[in-house]
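**Student:**
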Amino acid sequence: MIDAKIKKKRTRKINDLIKSSASKNKPTCRVLELCKQYCNGDVSEEYFRKEYFTLLPDWSEHHWHFRYGQWWESLSYDEQYHLTNKHGALRDILLALIEEKVLPDLRGISKHHDQ
Numbered sequence: 034m035i036d037a038k039i040k041k042k043r044t045r046k047i048n049d050l051i052k053s054s055a056s057k058n059k060p061t062c063r064v065l066e067l068c069k070q071y072c073n074g075d076v077s078e079e080y081f082r083k084e085y086f087t088l089l090p091d092w093s094e095h096h097w098h099f100r101y102g103q104w105w106e107s108l109s110y111d112e113q114y115h116l117t118n119k120h121g122a123l124r125d126i127l128l129a130l131i132e133e134k135v136l137p138d139l140r141g142i143s144k145h146h147d148q
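Okay, so the sequence shown: first residue is 34 according to the working numbering, each after it adds one.
1) Between the Cα of LEU139 and the Cα atoms of ARG100, CYS68, ARG43, LYS41, which residue gives the shortest distance?
2) Find the nearest neighbour of ASP152 within the set LEU130, LEU127, CYS68, ASN118, judged by alpha-carbon distance.
3) Where does ILE35 land, buried or exposed, given buried means 16+ other C-beta within 10 angstroms?
4) Kindly indicate which three-state DSSP category ARG140 falls into: helix, strand or coil?
5) Mind checking which residues open and close the alpha helix (DSSP H) that includes ALA129?
6) Secondary structure at LEU108, three-state DSSP: helix, strand or coil?
7) Could you tell me if TYR114 is buried or exposed, where buried requires 16 or more neighbouring beta carbons within 10 angstroms of its beta carbon?
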């Protein structure tokens, strides 16, 4: 278990993350369970970050764009069109390119530390 102060901070962080979603859809049960485990200290922050970004449903497309938006914007219209036709949504494009080792896996990298 973790300190109540850290648990409160993590819970607030998770609530803000979910509220910041640009979509009207709700997070999946698996995402919510992972968030609960993280808030309770049952999983490490590194594990949470990696799994959270792996489990993100379409409601969090903006999280993918936050991590990879600059790269996406640097592509030509034709490149974006080709990738969209081949893979679909940005999330699916990025997962495929991460798996092919074309892009680095930034899912576990955070600009903010939870310490």
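Virtual Cβ for every residue (Gly too), placed ideally from N, Cα, C.
**Tutor:** Result, derived from the coordinates:
1) Residue numbering aside, residue 139 sits at position 106 when the sequence shown is read from its first letter. Looking at ARG100, CYS68, ARG43, LYS41, the one whose alpha-carbon comes closest to that of LEU139 is ARG100.
2) Look at the range of the chain in this structure, 34 to 148, and you will see that residue 152 is not part of it.
3) Working through the sequence shown from its first residue, we reach residue 35 at position 2. By the neighbour-count rule (16 or more Cβ atoms within 10 Å), ILE35 is not buried but exposed.
4) Position 107 of the sequence shown, counted from the start, is the residue given in the question as residue 140. In this structure, ARG140 counts as coil in the three-state DSSP scheme.
5) As a working note, residue 129 is residue 96 in the sequence shown. That run of the alpha helix (DSSP H) goes 123 to 132.
6) Here residue 108 corresponds to residue number 75 of the sequence shown, with the count starting at 1. It is coil, neither helix nor strand.
7) Taking the sequence shown and counting its residues from 1, one reaches residue 114 at position 81. Exposed, because fewer than 16 other Cβ atoms sit within 10 Å of the Cβ of TYR114.
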